[in-house]
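Working notes for the structure below.
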């Protein structure tokens, strides 16, 4: 059994381009309206627990600057394109 103890919203730590990006034609054929869960398992160390969480959040925040489309949301255009 898994118990969720915390949930975080991580955003890019620098300004990223604004606007819409279309998915490629091949990406359009895959269902993107489903959530893909990820499970990360780490050995617990009570002394460094907060440090590990902050390190993970800071690292993700930095990499999202370069991979900013991953930080976005899917939406549909009037023509039905994602």
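Numbering (the working numbering), first residue to last: 41 to 122. Note that CB positions come from ideal geometry on N, CA and C, so glycine has one too.
Taking the C-beta atoms as reference points, residue 100 is found nearer than 7 Å to residue 50. Comparing C-alpha distances from residue 54 to each of 98, 113 and 121 shows the shortest one belongs to 98. In the structure shown, the three-state DSSP call for residue 98 is helix. Judged by DSSP in its simplified three-state form, residue 111 adopts helix.
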